């Protein structure tokens, strides 16, 4: 039993020794090939030497009884360039453009009516400053006035000079779009929500 144990130890030591010799041989061979490639590159024969070196690397002695030692190739670390962002978007806001999209329209269709929503952030709701007209052919005209985008804003007795702006500038506007088909303008049910979305239902005209 003790003899078997010593035989296993000796075999392991021989295996390690063969591995070390193989590794030293490979390191020495790579050094020689590198020097040869450098010299041939100076003589203008770099292509043939590189191909020869590649073939030699593929013909590693696989008949050896010892374990095969493969040198690792170091991968350079890539440093990411991070810049400070002025605005951070998350959720569905990332799908849109920066700033509230004034005039963005969504249209829905049912069996006997059309439904539309218009994004109007910062638009005044006061009577005489906002209107929506619908024609029989399905044309919709939204008119109003925006209150955002001013150069200065006064809040709580303080005057703020705006340095960074992405909202629509103040002033009147007109938005026109077409529904998929003719409608009855008399059957029109509007609603200007508190979140700045104007929506309405209008019955189709057969």
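Residue numbers (our numbering): 7 to 212. We treat Cβ as the ideally placed atom computed from N, Cα and C, and that holds for glycine. Computed from a predicted model, the values in this text were never measured in an experiment.
If you compare alpha carbons, which of the options is closest to residue i?
i, options, result
"residue 155", "148, 201, 139 and 169", "169"
"residue 177", "114, 129 and 208", "129"
"residue 139", "184, 201, 211 and 199", "184"
"residue 157", "207, 173 and 179", "173"
"residue 182", "201, 124 and 147", "147"
"residue 109", "179, 144 and 211", "179"
"residue 153", "207, 127 and 191", "127"
"residue 141", "205, 191, 212 and 164", "191"
Can you list, in chain order, the residues of its chain whose CB lies under 6 angstroms from that of residue i, leaving out five sequence neighbours each side?
i, result
"residue 114", "121"
"residue 175", "155"
"residue 166", "159"
"residue 207", "119, 121 and 195"
"residue 205", "123 and 197"
I'd like the list of long-range same chain contacts for residue i, defined as Cβ closer than 7 angstroms, with 5 residues on each side in sequence excluded.
i, result
"residue 135", "150 and 151"
Could you tell me if the beta carbon of residue i falls within a distance shorter than 7 angstroms of some heavy atom in the ligand SAM?
i, result
"residue 142", "Here there are no bound small molecules, and the ligand SAM is not part of this structure."
What whole-angstrom Cβ distance do residue i and residue j have, given they're in contact under 8 angstroms?
i, j, result
"residue 193", "residue 203", "Their Cβ separation, rounded to whole angstroms, is 21 angstroms, which puts residue 193 and residue 203 out of contact at 8 angstroms."
Identify the continuous beta strand (DSSP E) that holds residue i and give its terminal residues.
i, result
"residue 138", "137-140"
"residue 197", "189-198"
"residue 158", "158-161"
How many Å lie between residue i and residue j at the Cα?
i, j, result
"residue 160", "residue 116", "45 angstroms"
"residue 196", "residue 119", "13 angstroms"
"residue 189", "residue 111", "18 angstroms"
"residue 143", "residue 200", "29 angstroms"
"residue 137", "residue 124", "13 angstroms"
"residue 186", "residue 198", "22 angstroms"
Using a Cβ cut-off of 8 angstroms (strictly closer), state whether residue i contacts chain B.
i, result
"residue 171", "In the displayed structure, chain B is absent; only one protein chain is listed."
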